[in-house]
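Protein chains: 2
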Amino acid sequence: MNLTSNRGNIIKGKPVADKISESLIKEVDELVNEGITPKLAIVRAGSRGDDLAYERGALKRCQNIGIDTEVFELPEDIAQEEYIDLLKKINNDKNIHGVLCFRPLPKQLDEKVIKYAICPEKDIDCFNPINFAKVVEGDKSGFPPCTAQAVLEILKFYEVELKGKKVTVLGRSNVVGKPAAMLLLAEHATVTICHSRTIDLPKVASDADILVAAVGKAKMATADFVKEGAVVVDVGINITEDGNLCGDVDTDGVIDKVSMITPVPAGVGSVTTSILAKHVVKACKLQNNR
Amino acid sequence: MNLTSNRGNIIKGKPVADKISESLIKEVDELVNEGITPKLAIVRAGSRGDDLAYERGALKRCQNIGIDTEVFELPEDIAQEEYIDLLKKINNDKNIHGVLCFRPLPKQLDEKVIKYAICPEKDIDCFNPINFAKVVEGDKSGFPPCTAQAVLEILKFYEVELKGKKVTVLGRSNVVGKPAAMLLLAEHATVTICHSRTIDLPKVASDADILVAAVGKAKMATADFVKEGAVVVDVGINITEDGNLCGDVDTDGVIDKVSMITPVPAGVGSVTTSILAKHVVKACKLQNNR
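So the protein lines, in turn, are chains W and R.
Sequential numbering from 17 applies to the first sequence in this note's numbering.
Sequential numbering from 17 applies to the second sequence in this note's numbering.
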């Protein structure tokens with residue numbers, strides 16, 4: 017696809033998610049016909065608003081696809097041992113194929129210990145370091161973080177050429193920036209990772225054919241961050257002073273410059289739960305040698 | 017350090033290795049006084065020439081520092097089960113603190129299985145994915161691959177500023193390119209990873225303040241790959257037609273353009289075994305709660 021041919025196209029997440037769901041419905045149908053129903057467990061300690069919102073979306077998505085779900089709601093002050101005991105129970109439950117642990121965990125829980133307690137085969141959102149290593153190694157048998165994978169799926173759906181292209185990732189978090197960079201590298205992009213210490217960030221960012229913003233700073237990527245004709249994927253979800261959602265990119269400011277840009281909301285966030293569902297089905301198949 | 021002030025300096029590995037060794041000798045002395053002698057196990061299946069050469073260097077380095085060593089030489093056709101049994105024995109041996117497995121393994125051994133058999137606490141050359149994940153996550157409790165770590169130690173020894181600087185890594189291997197990129201990212205460099213599919217490689221490379229070449233192609237990085245005043249770290253070790261060693265960088269061609277460059281031989285390779293020794297001591301201390 018010619019990167020300058022679709023100036024200012026807003027590329028939404030919904031068609032991407034719908035296509036993934038459509039294909040999953042068929043896969044789940046086949047599994048159910050064999051007597052296997054994929055099942056997702058959600059482990060949530062406490063009831064943070066954004067966790068609940070994501071949970072509602074994930075449950076709805078799974079329901080529509082035919083994936084069973086079970087939410088394990090734990091008190092916010094749960095002891096580490098009890099949390100780990102639950103993970104062990106889930107690890108041993110043959111009817112559960114994937115598990116999502118909401119993070120960040122409450123303070124008393126040591127993420128550095130708990131992440132090893134979730135068995136890699138059921139770890140569908142890349143909590144266990146073994147899956148993280150697989151993403152970086154380019155080993156496709158693991159489960160990348162859903163948001164990072166969503167970035168890739170959107171670019172593929174809209175037929176954005178990645179091979180050899182210059183991709184700049186703004187942000188180096190372990191949940192989005194780094195894994196997204198590694199997934200794009202595996203697609204043979206030339207990847208640059210930028211962050212708060214980068215000197216002359218706009219110059220480095222505007223050198224990219226494809227810009228992925230995952231910093232968590234409202235509208236920080238302004239027009240000077242974007243090359244004429246670039247494709248922009250905006251992973252940020254920030255709340256503005258007037259209570260609206262916005263991304264890391266100043267969409268209005270860059271819209272006349274870019275060829276495509278994902279909106280916030282209705283962009284990357286809309287694809288994440290379909291990746292989650294896809295990972296549950298993948299895990300279910302692997303665990304049942306399908 | 018001003019990147020243009022030392023035009024054409026050849027920066028050797030030996031002073032870096034010597035400094036590390038010097039500090040390790042003291043650390044080992046203190047441990048020995050407490051009745052603890054750090055010990056390295058080397059596991060080698062077969063007797064490839066480059067393995068043997070590296071082994072000789074590693075044994076000599078350890079000896080000079082006061083680290084005990086034991087070489088487990090296995091037949092090249094050893095069965096996977098036996099190889100894993102040996103690793104288990106080493107894992108359980110309280111007198112061994114670090115283990116180096118020569119790779120690539122012989123064909124009949126499945127690296128994807130064996131890498132999980134080495135316990136992460138003794139895995140001083142980043143074979144186990146748990147250590148690989150730690151490198152990428154920026155978790156300093158693990159053990160990065162010795163060669164990747166050597167790149168960083170050389171840059172630090174020669175006081176090359178990394179924060180905010182543009183670093184380009186040529187090569188995306190899991191043993192050097194990616195981990196070196198991640199170590200440099202943790203030092204707040206702006207990191208670009210290039211590879212064979214990168215479009216206009218010389219242009220991307222010559223944009224960097226610091227160029228790390230880890231491709232394994234003799235003298236592939238010519239003058240057009242290098243910015244005026246850049247620092248170049250040449251990780252490649254290649255054998256020329258006339259039987260000499262050379263790096264991935266055309267040293268003669270770039271020497272008048274760079275501010276510093278590591279030679280091949282006597283560059284990165286000279287530092288690797290001192291990092292190995294450093295990791296053995298670190299592992300020994302961690303295992304003895306020191």
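Positions of the beta carbon are idealized from the N, C-alpha and C atoms, including for glycine.
Since this is a predicted model, take the numbers as computed values, not measurements.
Self-check item: Member of W:K219, W:T184, W:F173 and W:S222 whose CA lies at the smallest distance from the CA of T206 of chain W
Solution: Answer by Cα proximity: W:T184.
*Taking Cβ-Cβ distances below 7 Å as the criterion, which residues of the segment 182 to 205 of chain W are in contact with chain R?*
Sequence-ordered contacts of the segment 182 to 205 of chain W with chain R read R188, N190, K194, L201 and H204 [C-beta pairs closer than 7 Å].
Report task. List the residues of chain R that A149 of chain W touches, going by C-beta distances under 8 Å, in chain order. Result -> Neighbours of A149 of chain W in chain R, taken as residues at a C-beta separation under 8 Å, are given in chain order as P145, I146, F148, A149 and V152.
_Whether D258 of chain R touches K235 of chain R by CB criterion (9 Å)_ = Here D258 of chain R is not near K235 of chain R, since their CB atoms are 9 Å or more apart.
With 9 Å set as the bound, which would you pick, yes or no: does the beta-carbon of R213 of chain R sit closer than that to a beta-carbon of chain W?
-> True, the Cβ-Cβ gap to chain W drops below 9 Å.
Answer yes or no: does any C-beta atom of chain W fall closer than 9 Å to that of D250 of chain R?
Closer than 9 Å: no.
Self-check item: Any C-beta of chain R under 9 Å from that of N22 of chain W
Solution: For N22 of chain W, the predicted model reports a pLDDT of 49, less than 50, meaning its position is unreliable and no value from the coordinates is stated.
Can you give me the C-alpha to C-alpha distance between K233 of chain R and G263 of chain R, rounded to a whole angstrom?
So the two alpha carbons sit approximately 8 Å from each other.
_Using a 10 Å radius around the Cβ and a threshold of 16 neighbouring Cβ atoms, would you call P91 of chain W buried or exposed?_
Within 10 angstroms of the beta-carbon of P91 of chain W lie fewer than 16 other beta-carbons, which makes it exposed.
Worksheet item: Going by C-alpha distance, which of W:K30, W:V284 and W:G245 is nearest V270 of chain W?
Response: With distances taken between CA atoms, V270 of chain W lies nearest to W:G245 out of W:K30, W:V284 and W:G245.
> Distance, Cα to Cα, N22 of chain R vs H211 of chain W?
Replying inline: With a pLDDT of 49 at N22 of chain R, under the threshold of 50, the modelled position of this residue cannot be trusted; read the value that follows with caution. Within the model, the alpha-carbon separation for N22 of chain R versus H211 of chain W is close to 29 Å.
- prompt: Closest Cβ-Cβ distance between D240 of chain W and chain R: below 9 Å?
  reply: By this cut-off, D240 of chain W is not an interface position.
At the 9 Å Cβ level, is T208 of chain R part of the contact set with chain W, yes or no? Chain W, which has a Cβ nearer than 9 Å to the Cβ of T208 of chain R, makes this yes.
**Prompt:** Tell me, which residues are paired with L116 of chain R by DSSP?
**Reply:** In the DSSP output, where bridge partners are listed per residue, L116 of chain R has R:I58.
- Query: Under the three-state reduction of DSSP, which class applies to A229 of chain W: helix, strand or coil?
  - Reply: Assignment of A229 of chain W by DSSP, reduced to helix, strand and coil, places it in the strand class.
Since I52 of chain W and N304 of chain W are thought to touch, with beta carbons under 8 Å apart, how far apart are those beta carbons, to the nearest angstrom?
Contact check for I52 of chain W and N304 of chain W: beta-carbon distance about 6 Å, within the 8 Å limit, so the pair qualifies.
Q) Closest by CA to V251 of chain W, which one among W:S286, W:P218, W:A239 and W:S275? A) Relative to V251 of chain W, the option among W:S286, W:P218, W:A239 and W:S275 whose CA is nearest is W:S286.
inquiry  = Give me the DSSP bridge partner(s) of L186 of chain W.
reply    = In the DSSP output, where bridge partners are listed per residue, L186 of chain W has W:C210 and W:A229.
Q) Counting contacts by CB-CB distance shorter than 9 Å, is K156 of chain W in contact with chain R? A) Not a single C-beta of chain R is nearer than 9 Å to the C-beta of K156 of chain W.
Element boundaries [alpha helix (DSSP H), containing L171 of chain R]:
C162 to F173 is the span of the alpha helix (DSSP H), which, as asked, contains L171 of chain R.
Review point. Ends of the alpha helix (DSSP H) at E244 of chain W?
Key: Looking at the DSSP string, E244 of chain W is not in any alpha helix (DSSP H), and its letter there is neither H nor E.
### Message
What does the Cβ neighbour count give for A282 of chain R, buried or exposed, with the cut at 16 atoms within 10 Å?
### Response
It counts as exposed.
ask   = So what's T289 of chain W in DSSP terms, helix, strand or just coil?
value = Helix, per DSSP.
In its own chain, which residues sit with a C-beta less than 6 Å from the C-beta of A61 of chain W, not counting the 5 before and 5 after it?
The beta carbon of A61 of chain W sits closer than 6 Å to those of L90, E92, I94 and P122, all from its chain and outside the five residues before and after it, given in chain order.
inquiry  = Assess contact between the segment 101 to 109 of chain R and the segment 70 to 84 of chain R, defined as three or more Cβ pairs (one per stretch) separated by less than 8 Å. Is contact present?
reply    = Cβ pair count under 8 Å is below three, so no.
Own chain partners of C135 of chain R with C-beta closer than 6 Å, once the 5 adjacent residues on each side are dropped:
Around C135 of chain R: N107.
For the segment 120 to 139 of chain W, list every residue whose C-beta sits within 7 Å of some C-beta in chain R, in sequence order.
For the segment 120 to 139 of chain W, which is checked against every Cβ of chain R, not one residue is closer than 7 Å.
Self-check item: Classification of Q165 of chain W by the beta-carbon crowding that lies within 10 angstroms, buried from 16 upward
Solution: Counting C-beta atoms within 10 angstroms of its own C-beta, Q165 of chain W has 16 or more neighbours from the protein chains shown and is therefore classed as buried.
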